[in-house]
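Residue numbers (my numbering), protein chains in the order written: chain A, 855 to 1078; chain B, 837 to 1053; chain C, 1343 to 1622.
We treat Cβ as the ideally placed atom computed from N, Cα and C, and that holds for glycine.
Quantities reported herein were computed from a predicted structural model and do not represent experimental measurements.
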Amino acid sequence: MSPDPWVRAYDLLPVMLSVLLTGALVTLQVTAGAFVLAIGIGLVFAVLRTMPARLPRLIAATYVQVFRGVPVLTQLFVIYFGLAELGLRLDPLTAAIIGFGINGGAYLTEVFRAGIESIHQGQIEAAYMLGMTRMMGLRIIVLPQAVRVVLPPLGNFAVGLLKDTALASAVAAPELTFRGRTLVDQTYLSTQVYLLVAAIYLAMSLPLAHFVRRLELRLGRGRA
Amino acid sequence: MGWPALLAAWMPELLAAARGTIEMTALAFVLAATLGLALALARLSRIGLLSRSAFVYIEVVRGMPAVTLLFLIYFGLTSFGIALYAFAAAVIGLGLNGAAYLAEVYRAGIEAIHPGQREAAQMIGMRHGQVLREVVLPQALAVVLPPMGNYVIALLKDTSIASLISAPELMLRARDLTSEYFMPMQLYLLVGAMYLGMAYPLARAVRFMELRLARGR
Amino acid sequence: MGSGADGPSGVQGQSPWPSSLVRVTALCKRFGDTEVLTNVDLEVRAGEKVAIIGPSGSGKTTLLRCIAHLEKPSSGHVSIAGERVGEKLVGGRVVEMTDREIARIRTGIGMVFQRFNLFPHLTAIENVMLGPVKVLRTPRREAEALALELLRKVGLAHKCHAYPERLSGGQQQRVAIARSLAMRPKLMLFDEATSALDPELIGEVLNVMRQLALEGMTMLIVTHEMGFAEDVADRIVFMDHGRIVDEGPPHELFRSPSHPRTQAFLRAVLERQAMAAEVP
Chain A
855 MSPDPWVRAY
865 DLLPVMLSVL
875 LTGALVTLQV
885 TAGAFVLAIG
895 IGLVFAVLRT
905 MPARLPRLIA
915 ATYVQVFRGV
925 PVLTQLFVIY
935 FGLAELGLRL
945 DPLTAAIIGF
955 GINGGAYLTE
965 VFRAGIESIH
975 QGQIEAAYML
985 GMTRMMGLRI
995 IVLPQAVRVV
1005 LPPLGNFAVG
1015 LLKDTALASA
1025 VAAPELTFRG
1035 RTLVDQTYLS
1045 TQVYLLVAAI
1055 YLAMSLPLAH
1065 FVRRLELRLG
1075 RGRA
Chain B
837 MGWPALLAAW
847 MPELLAAARG
857 TIEMTALAFV
867 LAATLGLALA
877 LARLSRIGLL
887 SRSAFVYIEV
897 VRGMPAVTLL
907 FLIYFGLTSF
917 GIALYAFAAA
927 VIGLGLNGAA
937 YLAEVYRAGI
947 EAIHPGQREA
957 AQMIGMRHGQ
967 VLREVVLPQA
977 LAVVLPPMGN
987 YVIALLKDTS
997 IASLISAPEL
1007 MLRARDLTSE
1017 YFMPMQLYLL
1027 VGAMYLGMAY
1037 PLARAVRFME
1047 LRLARGR
Chain C
1343 MGSGADGPSG
1353 VQGQSPWPSS
1363 LVRVTALCKR
1373 FGDTEVLTNV
1383 DLEVRAGEKV
1393 AIIGPSGSGK
1403 TTLLRCIAHL
1413 EKPSSGHVSI
1423 AGERVGEKLV
1433 GGRVVEMTDR
1443 EIARIRTGIG
1453 MVFQRFNLFP
1463 HLTAIENVML
1473 GPVKVLRTPR
1483 REAEALALEL
1493 LRKVGLAHKC
1503 HAYPERLSGG
1513 QQQRVAIARS
1523 LAMRPKLMLF
1533 DEATSALDPE
1543 LIGEVLNVMR
1553 QLALEGMTML
1563 IVTHEMGFAE
1573 DVADRIVFMD
1583 HGRIVDEGPP
1593 HELFRSPSHP
1603 RTQAFLRAVL
1613 ERQAMAAEVP
């Protein structure tokens, strides 16, 4: 008589948890790496996007359009499989970080742009009249204020990114979802494993989301 | 094989798969939009149990990746004797996920209508139905339609994750073709372009809608 | 009283009159299809106070902004201290100035805006110090002392650590004036500096401006305050529909205007002021 799957799952719980939690660690790694990359890219393109010259604006706008209009899974496949075809073999982790980073950068470009543009034009003109160049004005007046505007959306982006990294399993990055799939292949306990996977994602994303919400409230209060 | 021959071989299949993508998007959207409204109303309800249940649903579903939800529905339900076709599982999964997201959009729309406006309309002598139609609904729509439009565009792209449960849509077909032709770069770039092409009319429609709604304010 | 005639090596374009600090020549400005400034010629000598008056939409603010190069003229040019603003001669060709070059010219110009435009994330004294520290590279200690002195001059030394949101409109505007003065400009532009203020706060700002005038600052003042203009200005310029229609010393222009449009405008202003005065 085959044992009840739930009983089996209970017996295997410690093993399964240890496997899944190592995957969760990789999830956090990918999230962190992609987050930093996305911020860097987003800042650069946001500045390009708000320049008076047409060419930088156009380049940035095209970048945003393309990388936001194509599914991130497709972008991931282009980077992992596509580049391999051209001879550049990346390991799954790196490919995932680059893929999510570039994709996230397109999203953050718009977030940062909104932050920059939210700073009233009059202040920028006052900065100009003090003899500041556009770059100086951006650095000294706009950016410090824009940071406050931008933090909540940035936080929400991080939460979304954490969940998106599940797709990295499709390129065999050893993160949580991938570990889950291999565990299911080995144990055939799909329901139980995926419930565990869901629980671990919740354990990671809910506190982060809560933190972001509190941040939003605190920032909102600060400006009254 | 030259490019023209490759395209001739690929395009019919990819276009057929794109139909699957569009169908999946449409069906999932309908599910998400209706369930989301129900959730929003439940969330705003005075009945504690209803409000709390909706809250829990929204938090839990939004707290996990859509992929995980899809896996739970497609693979996980088999222990309970429910074996769905991949397409159906994808529609349900994306729909349930979208409902949690849209519930918040609806809630913002409903709460955006300042109660004072309803009172003002009533004082002019409008009946309840009129108030709803002339004052509340137009403004609620203005708040809700653009995010919903953007959601549809995002949903179109999200259907790509259904390929992970082998549901028939564009990305899956691209993967199959890759294993046949060994040209991932070309195929995935092509597919990327197709997604851009599908999203473009939608994006234009959303922007047009935003402009028309903005005029009203 | 001479200034900037053969001064900096940046002398290019036409040769200026010996003591003109600002020279506007045939300035035109179009926004899309609308011509906002048509063929404006203006000259301001060093130490002169010029008040620009006129109905809304007459282009007064646009003229000021073109002088500050916050707007690019559609045609014509502006020279400050003999130097063309926004353009330069490079090997015989007229070429646009770089951001940095324009910024350098602006260090010599101070502008006070209708909406103050203080930096909300900085205190009053930090607002005033910012220019010297970041642009002139003045050491912090020195800049701080200068800032405090300027704030004292405008009567706000006691509020030096306050953030703009805690200051009244009149106080914010006075800090804004101090901020511009910290750069030791040769020229001060005032764009309806009191128009956004509650009536009882206007006086304190006008007093600061009056003080500045007495100290010999060259000032270009766009204003609706006719009494103040008559008091302080050496010359009044009346603008209408994008052109300078009339010009002259205050006692001439205000008391016995010759141009019909000037007359009509002043009549309307007097009527408005009379109505306001009737309020108990």
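What is the C-beta distance between C:N1469 and C:L1460, in whole angstroms, given that I count them as a contact (C-beta under 8 Å)? Here residue 1469 of chain C is taken as the residue at index 127 of the third sequence, counted from 1. Here residue 1460 of chain C is taken as the residue at index 118 of the third sequence, counted from 1. Right, their Cβ atoms sit about 5 Å apart.
Which word fits C:G1558, buried or exposed, when buried means at least 16 other C-beta atoms lie within 10 angstroms of its C-beta? Within the third sequence, the letter at position 216 stands for residue 1558 of chain C. So C:G1558 counts as exposed.
Under 7 Å by beta carbon: chain E residues contacting A:G923: Absent from the structure is chain E; the protein chains it does hold are A, B and C.
Would you say B:E895 lies against chain A (beta-carbon separation less than 8 Å)? Against the second sequence, residue 895 of chain B aligns to sequence position 59. Interface residue, yes.
Looking at the C-beta of B:R1053, does it have a partner C-beta in chain A at a distance below 8 Å? Here residue 1053 of chain B corresponds to residue number 217 of the second sequence, with the count starting at 1. Confidence is the limiting factor: at B:R1053 the pLDDT is only 47, short of 50, which leaves the residue's position unreliable and the question unanswerable from this model.
Buried or exposed, going by whether 16 or more other CB atoms sit within 10 Å of the CB of C:T1376? On the third sequence, residue 1376 of chain C is found 34 positions in, with the first residue counted as 1. C:T1376 is exposed by the Cβ-count criterion.
C-alpha gap between C:D1441 and C:G1473, whole angstroms: Here residue 1441 of chain C refers to the residue found at position 99 when the third sequence is read from its first residue. Here residue 1473 of chain C refers to the residue found at position 131 when the third sequence is read from its first residue. Spanning the two alpha carbons is a distance of roughly 17 Å.
Ends of the alpha helix (DSSP H) at C:E1589? For this step, residue 1589 of chain C is matched to residue 247 along the third sequence. Unbroken run through C:E1589 is the beta strand (DSSP E), 1585–1590; no alpha helix (DSSP H).
Please list, in chain order, the chain C residues whose beta carbon lies closer than 7 Å to that of A:Q977. What you label residue 977 of chain A is simply residue 123 of the first sequence in a count that begins at 1. Near A:Q977 (Cβ distances below 7 Å), the residues of chain C are N1459, F1461.
Closer than 7 Å at the beta carbon, the chain A residues around B:A929: Reading the second sequence from its first residue, position 93 is the one you call residue 929 of chain B. Reading off the sequence shown, one finds Gly at residue 929 of chain B, where the question assumed Ala. Correct list: empty, because the minimum Cβ distance to chain A is about 12 Å.
If the criterion is Cβ atoms closer than 8 Å, does the pair B:L938 and B:A869 meet it? Locating residue 938 of chain B in the second sequence gives position 102, counting from the first residue. Locating residue 869 of chain B in the second sequence gives position 33, counting from the first residue. Yes, Cβ-Cβ distance for B:L938 and B:A869 is below 8 Å.
So which of A:R1072, A:R988, A:M983, A:L1056 has the shortest CA-CA distance to C:D1533? The count along the third sequence starts at 1 and reaches residue 1533 of chain C at position 191. The shortest Cα separation from C:D1533 among A:R1072, A:R988, A:M983, A:L1056 belongs to A:M983.
Shorter than 8 Å from the beta carbon of A:T987 to some beta carbon of chain C? Start at 1 with the first residue of the first sequence, and residue 987 of chain A comes out as number 133. True, the Cβ-Cβ gap to chain C drops below 8 Å.
C-alpha gap between B:N986 and A:F921, whole angstroms: The sequence position of residue 986 of chain B within the second sequence is 150, counting from 1. The sequence position of residue 921 of chain A within the first sequence is 67, counting from 1. For B:N986 and A:F921, the distance between alpha carbons rounds to 15 Å.
Under 7 Å from the C-beta of A:T928: neighbouring residues of chain B: Position 74 of the first sequence holds residue 928 of chain A. Those are S996, M1007, Y1024, V1027, G1028, Y1031, listed as they occur along chain B.
Shorter than 8 Å from the beta carbon of C:T1536 to some beta carbon of chain A? In the third sequence, counting from the first residue as 1, residue 1536 of chain C sits at position 194. Answer no: the Cβ-Cβ gap between C:T1536 and chain A never drops below 8 Å.
By the 8 Å beta-carbon criterion, what residues does the stretch 1460–1483 of chain C contribute toward chain A? L1460, F1461, P1462, H1463, L1472, G1473, K1476, V1477, L1478
Using the rule of at least 16 other Cβ atoms within 10 Å of the residue's Cβ for burial, across every protein chain shown, is B:W846 buried or exposed? On the second sequence, position 10 is the one that residue 846 of chain B refers to. The residue in question, B:W846, is buried, as its Cβ has 16 or more Cβ neighbours within 10 Å.
From A:R911, A:T1041, A:I973, residue whose alpha carbon lies closest to that of A:Y864: Locating residue 864 of chain A in the first sequence gives position 10, where the first residue counts as 1. The option with the nearest alpha carbon to A:Y864 is A:T1041.
Residue burial classification, C:M1471 (beta-carbon count within 10 angstroms, cutoff 16): Here residue 1471 of chain C refers to the residue found at position 129 of the third sequence. Buried, since its Cβ has 16 or more Cβ neighbours within 10 Å.
Can you confirm whether A:T1045, when its beta carbon is compared against all beta carbons of chain B, has any partner nearer than 8 Å? Within the first sequence, residue 1045 of chain A is the residue found at index 191, counting from 1. For A:T1045, the answer is yes, since a Cβ of chain B falls inside 8 Å of its Cβ.
Distance check for C:M1551 and C:H1524, CA to CA, integer angstroms please. On the third sequence, residue 1524 of chain C is found 182 positions in, with the first residue counted as 1. On the third sequence, residue 1551 of chain C is found 209 positions in, with the first residue counted as 1. In the sequence as displayed, the identity of residue 1524 of chain C is Ala instead of His. Roughly 15 Å between the two C-alpha positions.
Assign B:F1044 to one of two classes, buried (16 or more other C-beta atoms within 10 Å of its C-beta) or exposed (fewer than that). Numbered from its first residue, the second sequence carries residue 1044 of chain B at position 208. Exposed: under 16 other Cβ atoms inside 10 Å.
Alpha carbon to alpha carbon, what distance is there between C:S1400 and C:L1543? Locating residue 1543 of chain C in the third sequence gives position 201, counting from the first residue. Locating residue 1400 of chain C in the third sequence gives position 58, counting from the first residue. Between C:L1543 and C:S1400, the C-alpha separation is close to 26 Å.
Quick check: what's the CA-CA separation for C:P1358 versus A:L1073? Your numbering for residue 1358 of chain C matches position 16 in the third sequence. Your numbering for residue 1073 of chain A matches position 219 in the first sequence. Low confidence applies here, because C:P1358 scores a pLDDT of 46, under 50, leaving its location unreliable and the question unanswered by this model.
Using the beta-carbon of each residue, which ones in chain A are nearer than 7 Å to C:G1452? If you number the third sequence from 1, residue 1452 of chain C lands on position 110. Near C:G1452 (Cβ distances below 7 Å), the residues of chain A are M983.
Could you tell me which residues DSSP pairs with C:E1491 in its beta bridges? By one-based count along the third sequence, residue 1491 of chain C stands at place 149. According to DSSP, which records beta bridges pairwise, C:E1491 is partnered with nothing at all.
Take the Cβ of B:A844 as the centre, count every other Cβ of all protein chains shown within 10 Å, and call the residue buried at 16 or more, exposed below. Taking the first residue of the second sequence as 1, we reach residue 844 of chain B at position 8. The residue in question, B:A844, is exposed, as its Cβ has fewer than 16 Cβ neighbours within 10 Å.
Taking CB distances under 8 Å as the criterion, tell me whether A:M990 reaches chain C. Taking the first sequence and counting its residues from 1, the one referred to as residue 990 of chain A is at position 136. Chain C, which has a Cβ nearer than 8 Å to the Cβ of A:M990, makes this yes.
Outcome for B:G838 when other beta-carbon atoms lying within 10 angstroms are tallied against a minimum of 16: As a position in the second sequence, residue 838 of chain B is number 2, starting the count at 1. Counting Cβ neighbours within 10 Å, B:G838 comes out exposed, since fewer than 16 surround it.
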